[in-house]
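Just so you know, we're using my numbering here: the sequence shown kicks off at 108 and counts up by one.
Notes follow the structure.
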Amino acid sequence: MRYAAASVAHYCSAFYTSIAQTILGAATVVQFVIMLINNKQPNERLAEFGTDLGVWMAKAARFQTAASEVKPWPWTELD
108 MRYAAASVAH YCSAFYTSIA QTILGAATVV QFVIMLINNK QPNERLAEFG TDLGVWMAKA
168 ARFQTAASEV KPWPWTELD
């Protein structure tokens, strides 16, 4: 049973990572447009969001490849 639960967590993590990649792509385009408009000044909140998303994606990738047993959010706290 433990194997089945781990497989579900891996599949869900892969699904969330796919969504995160789409969100990251959209955030990148939005930040690019903002920087064009604001004389190369990035939006700080969007930059912080990108950092948080990157940390989560790295944690998810380590879990998916069995490099870590620490499950990403929503199974553990968001770092």
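We put the beta carbon where it would ideally sit given N, CA and C, even for glycine.
Look at aspartate 186 here: in three-state DSSP terms it is coil, with no helix or strand label. By the C-beta density criterion, alanine 167 is buried, having at least 16 other C-beta atoms within 10 angstroms.
Between the alpha carbons of valine 162 and tyrosine 118 lies a distance of about 19 Å. If you draw a 10 Å sphere on the C-beta of serine 120, you find 16 or more other C-beta atoms in it, and that means buried.
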